[in-house]
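Numbering (the numbering used here), first residue to last: 3 to 199.
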Amino acid sequence: MLSDEDFAALVEKARAGEQDAATEMVRLYEPEIRRAARLRLTDPEMRRVVDSIDIAQSVFGRFFRTAESVDVQRPEQLLALLTTMTRNRIIDEHRRQTAQKRGGDNGQSGIALADVGDDTPGPKTATIAKDLAQIARSRLSPDELNLADRRNAGESWDEIARQLNESPEALRKRLDRALARVRDEMDDDAAASKKNS
C-alpha cells in the first residue's frame, strides 16, 4: 500500500490525465478487485458468462470515467470504493441475466470488456482508460484478440468453446494469461518510462 502522500500524488496525476498513473492504479488494485469479484461470483451460470477479469475491467472503466468527482484521501478508501463498485457490478450483472432469462433484457448480455474504452463523455481519465484499452488490444495476438472481442460481444465461454472446439476453461485461462502478459509488459514500459524521466 502507498503512503497517504504518495497515494494523493498518484490520484492527482491520474486525474490530470497521466497514463502512467492510471496504469499504476490498475496494477496496485486489480488483484484485490479480482479477488473480491471471485468471492462474489458464486452462481455457476453467471461464471459461464462473466469472470473476474470482466468485472475488474468494467469497474476500472467506470472509476476512471468518474475519478475527478471521487473524493478519496487514502489508499484504503479507494480500495473500499472499488470493492463496493465490484459488488454493485456483480449485482447489476445478476439482474441483467435474470431479466434475460425472463426475456426482458433487450439483447444486453454479459459484461463488456470494452467498458474501459466506453465513449461516454466524462473527465479526462476516460481518455486514459480508452488509451489503455487500445494499447492492450495492440499487444494481443489475433487469436487472443478474437477471444477478447467475443467475450466483449457477450458470448459465454461455453459458446466460444463449442465454436472453436476447445474447452471453456482452456480458453478462459488462455485469455487470462494473455491479459496478464499485457499488463506485465505495460508495467515494464511504465517503469522504464519513469526511470528515463
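The beta-carbon is built from N, C-alpha and C at its ideal position, and this holds for glycine as well.
Note that the stretch 13-20 does not touch the stretch 40-57; fewer than 3 beta-carbon pairs, one per stretch, sit closer than 8 Å.
With contact defined as three or more Cβ pairs closer than 8 Å, the stretch 49-65 and the stretch 151-162 are in contact.
Across the structure, Ser5 and Asp190 are spaced so that their CA atoms are roughly 22 Å apart. Sixteen is the threshold: when 16 or more other Cβ atoms of the shown chains lie within 10 Å of the Cβ of Arg36, as they do, the residue is buried. Judged by DSSP in its simplified three-state form, Gly63 adopts helix.
Taking the CA atoms as reference points, Tyr31 sits about 10 Å from Glu78.
Residue range Asp6 to Arg17 is occupied by the alpha helix (DSSP H) that includes Arg17. When Cβ pairs closer than 8 Å are counted between the two stretches, the stretch 57-64 is seen to touch the stretch 77-95, the count reaching three or more. Out of Ser71, Asp45 and Ala138, the CA that lies nearest to the CA of Val28 is found in Ala138.
Around the beta carbon of Thr100, a 10 Å sphere encloses fewer than 16 other beta carbons of the protein chains shown; the residue is thus reported as exposed. In this structure, the straight-line span from the alpha carbon of Glu34 to that of Leu81 is close to 8 Å. DSSP, reduced to helix, strand and coil, places Glu20 outside both helices and strands of the structure shown, so it counts as coil.
The C-alpha of Val61 lies about 26 Å from the C-alpha of Pro144. Rounded to the nearest angstrom, the gap between the Cα atoms of Asp151 and Asn90 is 24 Å. Closest by C-alpha distance to Leu12, out of Glu47, Glu70, Pro46 and Thr44, is Glu70. Between Leu147 and Ile162 a beta carbon distance of about 13 Å is seen, past the 8 Å cut, so the two are scored as non-contacting. Assignment of Ser143 by DSSP, reduced to helix, strand and coil, places it in the coil class. For Asn148, the secondary structure class from DSSP, reduced to helix, strand or coil, is helix. The straight-line gap separating the alpha-carbon atoms of Glu7 and Gln75 is approximately 9 Å. With fewer than 16 other beta carbons inside 10 angstroms of its own, Glu187 counts as exposed.
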